[in-house]
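Residue numbers (the numbering used here): 5 to 812.
Next comes the structure, spelled out in structure tokens:
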């Protein structure tokens, strides 16, 4: 086999020249095909294609290469020096798995330095410099290098898959040219099962959100997806305020904020038989009553969101297994709680097996995971209306193209206009005038004509169309979001479907996973009682039902063109639409009910609700920060202590910190167990952690971050005056002194609690997903008030957490 190297300098830089030949004797581990002559003793090579290993002769490799299959050789050069020699051109920047083309032969001897990929070759080989279909950097399985077989990763050049003898030597071309035309690949031994703690099916926003958060927490997660690459065009495109806040917590929002289009208002237009198309009015999309940092919809393509999660996972050593389709799952007999996930690759249909503790189906509306779950079905209905969707760059004189706009024509139907990134616009077009038309006739040209009719007398044309689709509205919710054993879960469209017109799908899907991720992290580490995972179904199915009920009315009012009814419905549900109105009922993890009004403790901080945004000054460096965002998402609970005067509350703080840190405290025992777990299976960091400094927030505990908020002036208190537990929490000491920077001009204490009496101390106990678990108040002048508060916290955590038994 010839060995080639790309020239790095000189006049012939970039060309290939031969540097040697590599002969590989047949490995006795693998058997010859029945189609080969028994006496054949030509060298044979072990190659990898679609994660499978094959033992093939050189001629077979040539034919696979000619057919467009990226191949990876399973043998490496003799040493690292030779690996670097080959690696100069054999290691593509996009890691597409194309390492070498083996078995190159020719009718005539090649001149030294001649390129083996020229036209003089007998067989056409794969271009060593494939032109990518897209300039966007991608990982394994990228559409940029799509071919009939996409290789998911490849072994490093200095790590052979099989230990075979190899040496540089002159090649016997007479033997090498003795090829058999019709050779059959021989499959090697099946790959062993992949073992993980959580298997995620589906690499859309829901699946990737779940996998990214679990990867950060150090959980071994595998993601499989039957697609070759992330979403290239179309699908979801709107992020709501709560989703933006969540991405800010994950330190992942900046790229989206730079690329996306922000929509602050919504316009209404209407035409009738007696009136031409005219504007009925404008509304602020999120009025001040909606207390959020980002009061707008951020329009950015789903593929960009997916790429952020994929990049974040890649930094932590995780990749998506592409072209791998889920088929079924089974509970493994004799192994407590273990699940066998059965998959098949798309190209060569090889079977794959994954052994996991938990399985999560994020595989869309037609979820195979859901269909595999006993007694679980999607319950709901489909509407008769058909809608077309167009993404493209518009040429139009319509004035409100950069606002979210509803256009209603009494004769032709409705259009919902959504501005997009890259100067694009999305049209949702009701195909009202063709209810009896064959759906096959509702193509792109027809839908474009329908849009022009609805928008008349304004002109509408497109510079280009990036994506076209059709859909029929269906509102359905799975009968359960988990199986009876709480080992298999559904998230995203696999658990609920609805219309896209309120921009809820991607948002609700990601928050399903956001809710499930921290619970799975604690369950895998043995820190959770069964009730914690059971709460996923209780909480997220309630939100799905609320969403479908709202969406049914919303979609009907858009189709009916009743701007007054639509505006009324929107105002009534605007908190829910923004995401902050997704509230949970009282349960083991929510001590109280979000529907309590007024709250028994006053203020907006209520169990089952999101922590309201508030501005404070960070004590240690005097930086004004958003207190709900300042502590990064590390899978821990946040315990906020609020008081007017730290000196007056000093006895409370001393007894509270002593009780929480004592040996008899459940929180102390849980912290010790969590420390042991994270020591054995630590969180997986990324290069950006050098700026985030996670150790600032886990100095006391990997499970709890304690924070103090006071209205005292900085000059009146010193960190050294605080108990040791709070001294070690110096990065989470805050001064409540910047109400002018708040979204409502309020102090954090007033916004959260309504009021706080002198000498009173309040605790706001916040879950890892930002929801409030419990709120309590104590009179700091009472001798044992600090101990009472510590016992109150222990009672809360005892409801859903446990200390694992020590292994003997």
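Where is the CB? At the ideal position from N, CA and C, for every residue including glycine. Everything numeric in this text was worked out from a predicted model, so none of it was measured.
Spatial distance of residue i from residue j (CA atoms)
i           : j           : result
residue 698 : residue 617 : 22 Å
residue 77  : residue 318 : For residue 77, the predicted model reports a pLDDT of 42, less than 50, meaning its position is unreliable; a value from the coordinates is still stated below. Rounded to whole angstroms, residue 77 to residue 318 spans 24 Å at the Cα level.
residue 404 : residue 239 : 23 Å
residue 797 : residue 305 : 42 Å
residue 222 : residue 685 : 6 Å
residue 349 : residue 324 : 13 Å
residue 267 : residue 609 : 28 Å
residue 399 : residue 430 : 13 Å
residue 802 : residue 523 : 15 Å
residue 487 : residue 253 : 30 Å
residue 508 : residue 246 : 11 Å
residue 777 : residue 356 : 41 Å
residue 751 : residue 646 : 12 Å
residue 414 : residue 760 : 56 Å
residue 755 : residue 607 : 6 Å
residue 370 : residue 207 : 14 Å
residue 806 : residue 532 : 6 Å
residue 820 : residue 255 : With the chain covering only 5 through 812, there is no way to say anything about residue 820.
residue 336 : residue 197 : 13 Å
residue 785 : residue 260 : 49 Å
residue 582 : residue 294 : 8 Å
residue 385 : residue 562 : 18 Å
N- and C-terminal bounds of the alpha helix (DSSP H) containing residue i
i           : result
residue 429 : Not the alpha helix (DSSP H): residue 429 falls in the beta strand (DSSP E), residues 429-434.
residue 710 : Counting along the chain, residue 710 falls outside any alpha helix (DSSP H), though it belongs to the beta strand (DSSP E) covering 708-714.
residue 522 : 509-528
residue 792 : 789-802
residue 200 : Taken as a continuous stretch (DSSP letters only), residue 200 belongs to no alpha helix (DSSP H), as it is neither H nor E.
residue 480 : Where residue 480 is concerned, there is no enclosing alpha helix (DSSP H), although the beta strand (DSSP E) it sits in stretches over 464-482.
residue 209 : 209-220
residue 674 : 670-684
residue 248 : 245-253
Nearest-angstrom beta carbon gap, residue j and residue i [assumed within contact, 8 Å]
i           : j           : result
residue 736 : residue 710 : 7 Å
residue 472 : residue 383 : Actually they are not in contact, since the Cβ atoms of residue 472 and residue 383 sit about 31 Å apart, beyond 8 Å.
residue 200 : residue 343 : Going by Cβ atoms, the distance from residue 200 to residue 343 rounds to 10 Å, so no, they are not a contact pair.
residue 4   : residue 769 : Shown here, the chain extends from 5 to 812; a query on residue 4 therefore has no answer.
residue 482 : residue 380 : 6 Å
residue 204 : residue 217 : Not a contact, Cβ separation roughly 11 Å.
residue 567 : residue 284 : 5 Å
residue 708 : residue 640 : 6 Å
residue 432 : residue 420 : 4 Å
residue 516 : residue 544 : 5 Å
residue 701 : residue 621 : Not really, about 18 Å apart at Cβ, beyond 8 Å.
Cβ-based burial, residue i [other Cβ within 10 Å; buried from 16]
i           : result
residue 591 : buried
residue 307 : buried
residue 794 : buried
residue 612 : buried
residue 289 : buried
residue 695 : exposed
residue 124 : At residue 124, the pLDDT of 34 sits below 50, so the modelled position is not reliable and the matter cannot be decided from this model.
residue 534 : exposed
residue 720 : exposed
residue 396 : buried
Three-state secondary structure (DSSP) of residue i
i           : result
residue 347 : strand
residue 452 : helix
residue 406 : coil
residue 266 : strand
residue 752 : helix
residue 725 : helix
residue 552 : helix
residue 316 : helix
residue 538 : helix
residue 355 : strand
residue 630 : strand
The beta strand (DSSP E) enclosing residue i, as first and last residue numbers
i           : result
residue 747 : Element bounds for residue 747: n/a, residue is neither H nor E.
residue 730 : Residue 730 -> not in any beta strand (DSSP E); alpha helix (DSSP H) instead, spanning 728-731.
residue 390 : 382-400
residue 776 : 776-783
residue 761 : First-last for residue 761: undefined, no H or E at that position.
residue 334 : 328-335
Neighbour flag for residue i against chain C, beta carbons, 9 Å
i           : result
residue 714 : Absence of chain C from the displayed structure is noted, only one protein chain being present.
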